[in-house]
Amino acid sequence: MIKKFLDLGMQPLANKFLTKKDLIKKKIENSYYLEVGFDTKTKLVSILHTISSKKMFDGKYPYRASMSKTMLNSFSKLADRINRKFNPKKIMEIGSNDGAFIKNFNKKNVIGVEPCSNMANITKKKGYKTYADYWNIKLAKKIKLNNKNVDLIYSANTLSHIQDLDSVFKSIDIVLPDDGVLIIEDPSLLDCFKKISYDQFYNEHIYVFSLLAISIFIKKYKLEVFDIERLSTHGGSLRYYIKRYKNKKFKVNKNVHDQLKAEVKFGLNKYKTYLKFKSNVKNSKKKLREIFNKIKKNNKTIIGYGSTAKVCTVLAYCKIKSGTLDYFLDTTPNKVGKYMAGSHIYVKKYTKPLTDEADYVFLGAWNFKKEIFKKEKKYIKNGGKFITHIPFPQIINK
Ligand code: TYD
C-alpha cells in the first residue's frame, strides 16, 4: 500500500531551461504536482504523479556528467575497480549521458545506451557504439543479438528515472549472462533523509532507492546485492553490486548486512519515519525563507551557484520569488544564457572564481560543496558567504 508523506506542490519540469524567446512569447510552461509516497509493502519510495520519459529525456537534455570533476573522478576510480575485480569482456552502460564513464574504456569493450540524442551524439562522435534509445525489452533483445559478450552492466543515476522497474529488470535479465555483474548507483534514501535533502525529489527522480527496497525488488528476478559502496556523489549515493543467485563466484559482503541494519535502525521500513521527514522538510522551508527574507530586507544581493534540477524543487516549494536571486552561475553550456524552469532566473556562464559578485551565494549544487569550496577558496577567505539548505538552512563559509 502506497502512503503519501510529502507534498512539494506544483513544480515545473526541472531540466527544461527557457530561452529569451520563450519568455517573450510567454511560452506556457507545464507544471506538475509533486507528491511523494512510501510503499509499506515493497519499501519503495516514489513520486506519485509521473510524466512520460519522452517529455523529459529528449534531444535537448542539458545535464552533462562531464561538467563535474567529482563525477569524472568517481567514474575513473570505478573503471579501475571494474577492470581489477571483474576483468569484463564487454561493458554496457544504461544512461551513458555524454560518455563520462565509458570514455575510461577501450572503444571495443564498451557500449552505451542513451535516449537523449544530443548526449548520445557526443559519445558516438568520440567513436563509442551508442544506442540512442530508451532502455526496454526491445532494445535489450537487439543488444543481446549484436553484442553476445556483454558481461557487465553499469547504470548510474538512471534507473531511478525509469518508472517501469519491471521492464528495466526484465530487460537486464535478457542481456546479463549467468556469471555477469550488474552495478547500479543512485542517490540513497538514508542520506536523503539524514540531510533533509527533499530536493532529491523532482519529476525526473521517480524513485529514491534504499538497499532495503532494491533487495526486495530484485528478488523476483533471482538477483541479489553482494556488495555496496557508499558514495558522496549526488549528495550521497549507494552503489549496488548485483549478481544472479546462481552465480557463486561472489559472496555477500558484510557491508550489505551493515547497510540494511543501518536503514532499519533509522526506520526506513516504518511510515512514522516518513512523517518525521515531512515535518523536517516543512521546518527547512520555513527557515530558508526566513534567511532569504532577512537578507533581502537588508538590501543585500544573492546569486545562485549551480542551476541544478534539485534547486528547482527548492525554489518552487519554498516559493522563492525570481527577484530574490539576481542570477545563477553555471558551467553547463546547454544551461547558460537561458532561464531556469519555473523561477525564470537567468543562468549566467561561470567564467572565473567568485570575487564580489554578490553579498551571498546560494549553493544550488550543494552536493558539490567540496569541489566548489576548493575552487572558491579565495572568495571564502575574503569573507564570502554561502547559503545552503543542507542539512538545514544556514549561512556558511566553510
Ligand atoms: P547536479 O547536482 O549534478 O545535478 P542535478 O541537476 O541532477 O540536481 O548538477 C550540478 C550543476 O552544477 C550542473 O549544472 C553544473 C553545475 N556546477 C557548476 O556550475 N560549477 C561547479 O563547480 C560544479 C561542481 C557544478
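Numbering (my numbering), first residue to last: 3 to 400.
Positions of the beta carbon are idealized from the N, C-alpha and C atoms, including for glycine.
All values derive from a computational prediction rather than experimental measurement.
Thr-390 has its alpha-carbon roughly 20 Å from the corresponding atom of Tyr-348. Assigned with DSSP and collapsed to three states, Asp-180 falls in coil, not helix or strand. Judged by DSSP secondary structure, Val-254 falls outside any beta strand (DSSP E); it is assigned neither H nor E. Taking the Cβ of Ala-134 as the reference point, every heavy atom of the ligand TYD lies at 7 Å or farther away.
The three-state reading of DSSP puts Gly-325 in helix, counting H, G and I together.
Lys-380 and Ser-309 have their C-alpha atoms spaced approximately 22 Å apart. Closer than 7 Å to some heavy atom of the ligand TYD: that does not describe the Cβ of Thr-353.
Gln-396 sits in a strand when the DSSP states are folded into three classes. Assignment of Glu-265 by DSSP, reduced to helix, strand and coil, places it in the helix class. At least one heavy atom of the ligand TYD lies closer than 7 Å to the C-beta of Ser-309.
In terms of side-chain proximity, the C-beta atom of Phe-211 is found no nearer than 7 Å to any non-hydrogen atom of the ligand TYD. In this structure, Phe-88 is the residue among Phe-88, Glu-206, Met-73 and Gly-237 with its C-alpha nearest to the C-alpha of Lys-251.
Of all alpha-carbon atoms in Leu-233, Tyr-133 and Asn-108, the one lying nearest the alpha-carbon of Asn-120 is that of Tyr-133. Rounded to whole angstroms, Tyr-247 and Asp-181 show a C-alpha spacing of 10 Å. Collapsing the DSSP output to three states places Val-112 in a strand. Shortest gap from the CB of Thr-334 to any heavy atom of the ligand TYD: under 7 Å. The straight-line gap separating the alpha-carbon atoms of Leu-161 and Val-170 is approximately 7 Å. The three-state reading of DSSP puts Ile-185 in strand, counting E and B together. Met-94: member of the beta strand (DSSP E) spanning 92 to 96, first to last residue. Rounded to whole angstroms, the Cβ separation of Phe-7 and Ile-198 is 13 Å, and the two are not in contact under 8 Å. Between the stretch 207 to 221 and the stretch 234 to 246, the count of C-beta pairs closer than 8 Å reaches three or more; the two stretches touch.
In the assembly as shown, Gly-61 is an exposed residue. Its beta-carbon has fewer than 16 other beta-carbons within 10 Å.
The beta carbon of Ser-98 lies closer than 7 Å to those of Ile-104, Gly-114, Val-115, Glu-116, Thr-125 and Thr-132 in the same chain, with the five residues before and after it left out. Here the C-alpha atom of Asn-255 lies approximately 17 Å from the C-alpha atom of Ile-220.
The three-state secondary structure of Gln-165, taken from DSSP, is coil. The C-beta of Gly-11 has fewer than 16 other C-beta atoms within 10 Å across all chains shown, which makes the residue exposed. Between the ligand TYD and Phe-59, a heavy atom-to-CB distance of less than 7 Å is absent.
Bounds of the alpha helix (DSSP H) holding Ser-78 are 71 to 87.
Proximity of the beta carbon of Ser-70 to the ligand TYD is indicated: a heavy atom of the ligand is located closer than 7 Å.
Three or more beta-carbon pairs separated by less than 8 Å are not found between the stretch 33 to 53 and the stretch 221 to 231, which leaves the two stretches without contact. Using a 10 angstroms sphere on the CB of Thr-357, the tally of other CB atoms stays under 16, which defines it as exposed.
For Met-121, the enclosing alpha helix (DSSP H) begins and ends at 119 to 127. For the 8 Å CB-CB criterion, Tyr-136 and Ile-93 do not form a contact. Taking C-beta atoms under 8 Å as the contact rule, Glu-95 and Ala-343 fail to qualify, at a distance of about 27 Å. By the criterion of a C-beta distance shorter than 6 Å, Asp-229 is surrounded in its chain by Tyr-243 and Asn-255, once the five residues flanking it on both sides are discounted. For Val-349, DSSP records a beta bridge to Phe-330.
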